[in-house]
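Residue numbers (my numbering), protein chains in the order written: chain C, 2 to 420; chain F, 2 to 420.
Number of protein chains: 2
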Amino acid sequence: MTIKNAFYAQSGGVTSVINASACGLIQTARLHSDKIGTVYAGLNGIIGALKEELIDTSFESDGDIAALRYTPAGAFGSCRYKLKSLEANRAEYQRLIAVFKAHNIGYFFYNGGGDSQDTAHKVSQIGEQMGYPLTCIGIPKTVDNDLPITDNCAGFGSVAKYVAVSMREASFDVASMCATSTKVFVMEVMGRHAGWIAAAGALAADENHDIPLVILFPEVEFNKERFLAAVDEKVKQYGYCCVVVSEGVKNSDGQFLAEAGGKDAFGHAQLGGAAPVIANVIKENLGYKYHWAVADYLQRAARHIASGNDVEQAYAVGKAAVEFALAGKNAVMPTIVRISDAPYQWEIGSVELKEVANVEKMMPPDFISADGFGITAACRAYLQPLIAGENYPPYKNGLPDYVVLKKQLVAKKLVAFDV
Amino acid sequence: MTIKNAFYAQSGGVTSVINASACGLIQTARLHSDKIGTVYAGLNGIIGALKEELIDTSFESDGDIAALRYTPAGAFGSCRYKLKSLEANRAEYQRLIAVFKAHNIGYFFYNGGGDSQDTAHKVSQIGEQMGYPLTCIGIPKTVDNDLPITDNCAGFGSVAKYVAVSMREASFDVASMCATSTKVFVMEVMGRHAGWIAAAGALAADENHDIPLVILFPEVEFNKERFLAAVDEKVKQYGYCCVVVSEGVKNSDGQFLAEAGGKDAFGHAQLGGAAPVIANVIKENLGYKYHWAVADYLQRAARHIASGNDVEQAYAVGKAAVEFALAGKNAVMPTIVRISDAPYQWEIGSVELKEVANVEKMMPPDFISADGFGITAACRAYLQPLIAGENYPPYKNGLPDYVVLKKQLVAKKLVAFDV
Numbered sequence: 002m003t004i005k006n007a008f009y010a011q012s013g014g015v016t017s018v019i020n021a022s023a024c025g026l027i028q029t030a031r032l033h034s035d036k037i038g039t040v041y042a043g044l045n046g047i048i049g050a051l052k053e054e055l056i057d058t059s060f061e062s063d064g065d066i067a068a069l070r071y072t073p074a075g076a077f078g079s080c081r082y083k084l085k086s087l088e089a090n091r092a093e094y095q096r097l098i099a100v101f102k103a104h105n106i107g108y109f110f111y112n113g114g115g116d117s118q119d120t121a122h123k124v125s126q127i128g129e130q131m132g133y134p135l136t137c138i139g140i141p142k143t144v145d146n147d148l149p150i151t152d153n154c155a156g157f158g159s160v161a162k163y164v165a166v167s168m169r170e171a172s173f174d175v176a177s178m179c180a181t182s183t184k185v186f187v188m189e190v191m192g193r194h195a196g197w198i199a200a201a202g203a204l205a206a207d208e209n210h211d212i213p214l215v216i217l218f219p220e221v222e223f224n225k226e227r228f229l230a231a232v233d234e235k236v237k238q239y240g241y242c243c244v245v246v247s248e249g250v251k252n253s254d255g256q257f258l259a260e261a262g263g264k265d266a267f268g269h270a271q272l273g274g275a276a277p278v279i280a281n282v283i284k285e286n287l288g289y290k291y292h293w294a295v296a297d298y299l300q301r302a303a304r305h306i307a308s309g310n311d312v313e314q315a316y317a318v319g320k321a322a323v324e325f326a327l328a329g330k331n332a333v334m335p336t337i338v339r340i341s342d343a344p345y346q347w348e349i350g351s352v353e354l355k356e357v358a359n360v361e362k363m364m365p366p367d368f369i370s371a372d373g374f375g376i377t378a379a380c381r382a383y384l385q386p387l388i389a390g391e392n393y394p395p396y397k398n399g400l401p402d403y404v405v406l407k408k409q410l411v412a413k414k415l416v417a418f419d420v
Numbered sequence: 002m003t004i005k006n007a008f009y010a011q012s013g014g015v016t017s018v019i020n021a022s023a024c025g026l027i028q029t030a031r032l033h034s035d036k037i038g039t040v041y042a043g044l045n046g047i048i049g050a051l052k053e054e055l056i057d058t059s060f061e062s063d064g065d066i067a068a069l070r071y072t073p074a075g076a077f078g079s080c081r082y083k084l085k086s087l088e089a090n091r092a093e094y095q096r097l098i099a100v101f102k103a104h105n106i107g108y109f110f111y112n113g114g115g116d117s118q119d120t121a122h123k124v125s126q127i128g129e130q131m132g133y134p135l136t137c138i139g140i141p142k143t144v145d146n147d148l149p150i151t152d153n154c155a156g157f158g159s160v161a162k163y164v165a166v167s168m169r170e171a172s173f174d175v176a177s178m179c180a181t182s183t184k185v186f187v188m189e190v191m192g193r194h195a196g197w198i199a200a201a202g203a204l205a206a207d208e209n210h211d212i213p214l215v216i217l218f219p220e221v222e223f224n225k226e227r228f229l230a231a232v233d234e235k236v237k238q239y240g241y242c243c244v245v246v247s248e249g250v251k252n253s254d255g256q257f258l259a260e261a262g263g264k265d266a267f268g269h270a271q272l273g274g275a276a277p278v279i280a281n282v283i284k285e286n287l288g289y290k291y292h293w294a295v296a297d298y299l300q301r302a303a304r305h306i307a308s309g310n311d312v313e314q315a316y317a318v319g320k321a322a323v324e325f326a327l328a329g330k331n332a333v334m335p336t337i338v339r340i341s342d343a344p345y346q347w348e349i350g351s352v353e354l355k356e357v358a359n360v361e362k363m364m365p366p367d368f369i370s371a372d373g374f375g376i377t378a379a380c381r382a383y384l385q386p387l388i389a390g391e392n393y394p395p396y397k398n399g400l401p402d403y404v405v406l407k408k409q410l411v412a413k414k415l416v417a418f419d420v
């Protein structure tokens, strides 16, 4: 039997630790070169497979692969591209199999969120149907933390840490100026459907840091009067208030706050964000001086403040993907299984892709406080270990010395394919 | 001669290292308790002196004072309050002297920007006129880096590092997704008059990180056509472009871009920021998918990513203030004097307050590239050492363990005074 090569692709919005998964995967594959040949990576994700743009990772030095552990974003390129259903676009799946066949690829590793796990699942089915058996392993990744079954997703802990640290720091700033200046600070965070990231903002406060916080979750319909009352109460008690608003917060008519903007002086529609809208609601109704921030990509790219546990888990799921494949598993995804909260203990588990595909995990109702503006003790116990541990990248001239790979492409063997 | 006490106040917008100056000052004063008595700190800056709300720092443990070195924002409270001229409000100056006299204060340390140095200068004059000699020392602090004579300002290096690191990280994110998603990322940074902070964004790119950047400085009038051409060129060459926009950028009619917003769905005026305005200009004219971030307070509060050199210098100017006072100097401010760029060497110098008061240091024209969208080699050589070095705070439960002081007030001795 010839040794089969592997294909790895990064999918969807990137995170500060998705490359740590790539690192775990490639380093582990290199340890088993008797069983896995070359690891090819898709240039810009699955599109790289469709276009036969395959990066030969064997040209990347051991040092550069090791550096992926501390380099944010997608080193091979990622994409937002969801394969259609088998019925709607069988040709795409057939193309994937043709490319895999042409390059003797027997392992398909897909590093992404719910959609990607669905794709990995479908690819495993089509491979079987087409008589080209393929080992398909999903690798969980998403800042949104919305994959089911796994206790948490690689990528979430680091964005959660960024949000908690940033809000603690900003609260110190506001607290020290509020007597004569800004009284309300609003920070917008990611999470279009699930409030996991917004919830992490609540960790800014703890038993030694009594910080007045109001969290706006996408799971809770925005009620202007109740919100204003909550903010006003905090300002009256503490002198200031910090607000975390999820980009996914909606009005009672189901419209995103972020889309409630008007037109600017150029006559252009003002698209987003939610933070300035919330800030204006405060200004107009309470009259308090405000400031607002929109973290946007900074939060998910912030490898400099990544969670140590997150980095470790991201590496572990990449490593486990190869180990699963070598153990003969197929159509599965490694999961993170929590053994205990404190001390935090976890291990790698496994779930079938069909159980994960297209299921979105929302915040459980008992994680949101009764007033809808905070988190419960259960939520805190869940979140706390995910942001724990620091794992700093190396610095050069005051800046993180992130690696840029060679990304050398393999010669194409097939005719072009339109994507 | 009885030992005189000292008064210390934090002034204006806080920084991530102003407490490091407080730490240097108080630790040094404690070493000289034979010459300086109690260090009182103004609750909320100079307002604390006017209201006779004096924090007795001797109630703060050595450990808590040491922790100020790594705690952002103003631990004693700061304020935006500029004393009027001697002619316009002599009563305020007389009140200051009365409070100082009542608490046997012979040293006045004022930690702030240009306005504060002006106030410190005036207080030294009025003390003399009123026959109450007072040693007045200014301590430089401002993220804006706009104080004259000193090579740089404590506080600037850390915000510069935050901006450079954040932009490098975000650029990795955008680079990895641009084939199918966002092509232009816009980050808004502080700097209403001077472009020092915006300039720091250019450090994201270096000889190992070829990142397409366009910087919009407040010193350069915004020209829509030229800007769009610059962005479009980068996108065509690299596939993406990153834009740093200073909050102080103005249109040709002198209007801040940040104030060019319209009304939102609530009918409220949309106040700021510049980033969404720039993003919309790109969207409407070039059609590229964009994302934008507004760092706001996050940038100046981000002690977790402070510059090691900045922390050291902030501490040094606080320490030097006490040493100057003990050496009999008066109406001066410690400065940072650059000896060489590489290796970076600096020492503490001294300048008379009257030379510093109300002078704003702008970016020199030869620091901005010919096209107006980048920095020159001279600017890079200047900025580089200011962001160098990492100085991480201690962490507990995944978060920086910043200190909150007791802030115990001294009993008042005078009648109330309206501020």
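Note that CB positions come from ideal geometry on N, CA and C, so glycine has one too.
Starting from residue i, trace the beta strand (DSSP E) both ways and give me its first and last residue.
{"i": "C:ARG339", "result": "333-341"}
{"i": "C:GLY113", "result": "106-113"}
{"i": "C:GLU234", "result": "Counting along the chain, C:GLU234 falls outside any beta strand (DSSP E), though it belongs to the alpha helix (DSSP H) covering 225-239."}
{"i": "C:THR39", "result": "37-43"}
{"i": "C:PHE368", "result": "No beta strand (DSSP E) holds C:PHE368; DSSP gives it neither H nor E."}
{"i": "C:LEU55", "result": "55-57"}
{"i": "F:LEU217", "result": "214-217"}
{"i": "C:ILE47", "result": "Per DSSP, C:ILE47 belongs to no beta strand (DSSP E); it is in the alpha helix (DSSP H), 47-51."}
Who are the neighbours of residue i on chain F, taking C-beta pairs under 7 Å?
{"i": "C:ALA302", "result": "GLU170, ALA171, PHE173, ASP174"}
{"i": "C:GLY375", "result": "Residues of chain F passing the Cβ test: none, with the nearest at roughly 17 Å."}
Between residue i and chain F, is the shortest Cβ-Cβ distance under 8 Å, so that the two count as touching?
{"i": "C:MET191", "result": "no"}
{"i": "C:TYR241", "result": "no"}
{"i": "C:PHE267", "result": "Unreliable placement is indicated for C:PHE267, whose pLDDT of 48 sits below 50; no coordinate value is reported for it."}
{"i": "C:SER177", "result": "yes"}
{"i": "C:GLN271", "result": "Below a pLDDT of 50, predicted positions are generally treated as unreliable, and C:GLN271, at 46, falls in that range; the measurement from the model is reported next regardless. So, interface residue."}
{"i": "C:PRO73", "result": "yes"}
{"i": "C:ILE283", "result": "no"}
{"i": "C:SER308", "result": "yes"}
Is there at least one Cβ from chain C nearer than 8 Å to residue i's Cβ?
{"i": "F:GLU53", "result": "no"}
{"i": "F:VAL295", "result": "yes"}
{"i": "F:VAL185", "result": "no"}
{"i": "F:ASN90", "result": "no"}
For residue i, which residues in chain C fall below 9 Å Cβ to Cβ?
{"i": "F:LEU204", "result": "ASN398, GLY399, LEU400"}
{"i": "F:ILE388", "result": "ASN398, GLY399, LEU400"}
{"i": "F:ASN153", "result": "By Cβ distance, chain C contributes nothing, its closest Cβ being about 14 Å from F:ASN153, past 9 Å."}
With respect to the alpha helix (DSSP H) encompassing residue i, which residues constitute its N-terminal and C-terminal limits?
{"i": "C:TYR163", "result": "157-178"}
{"i": "C:ASN286", "result": "275-287"}
{"i": "F:GLY25", "result": "19-32"}
{"i": "C:ALA199", "result": "197-201"}
{"i": "C:LYS102", "result": "91-103"}
Verify whether the separation of the beta carbon atoms of residue i and residue j is less than 8 Å.
{"i": "C:GLU189", "j": "C:ALA275", "result": "yes"}
{"i": "F:ASP121", "j": "F:LYS142", "result": "According to the sequence displayed, residue 121 of chain F carries Ala and not Asp. No, the pair does not count as a contact, with Cβ atoms beyond the cut-off."}
{"i": "F:GLY1", "j": "F:GLY13", "result": "With chain F covering only 2 through 420, there is no way to say anything about residue 1 of chain F."}
{"i": "F:LYS85", "j": "F:ASP116", "result": "no"}
{"i": "F:ALA180", "j": "F:GLY139", "result": "no"}
{"i": "C:ALA200", "j": "C:CYS380", "result": "yes"}
{"i": "F:THR183", "j": "F:TYR9", "result": "no"}
{"i": "C:ASP63", "j": "C:THR39", "result": "no"}
Could you list which residues in chain F have their beta carbon closer than 9 Å to that of residue i, in chain order?
{"i": "C:VAL160", "result": "Going along chain F, no residue has its Cβ under 9 Å from C:VAL160, so there is no contact; the nearest lies around 12 Å."}
Could you work out which residues of chain C lie near residue i, taking near to mean beta carbons separated by less than 7 Å?
{"i": "F:SER167", "result": "LEU299"}
{"i": "F:TYR82", "result": "THR181"}
{"i": "F:ASN112", "result": "The premise fails here: F:ASN112 is roughly 12 Å from chain C at the closest Cβ pair, so nothing lies under 7 Å."}
Since residue i and residue j should fall inside the 8 Å C-beta cutoff, what is the C-beta to C-beta distance between them, to a whole number of angstroms?
{"i": "F:ALA30", "j": "F:VAL323", "result": "5 Å"}
{"i": "C:SER22", "j": "C:TYR316", "result": "7 Å"}
Can you pull the chain F residues whose beta carbon is under 8 Å from the beta carbon of residue i, in chain order?
{"i": "C:ASP207", "result": "ASN398, LEU400"}
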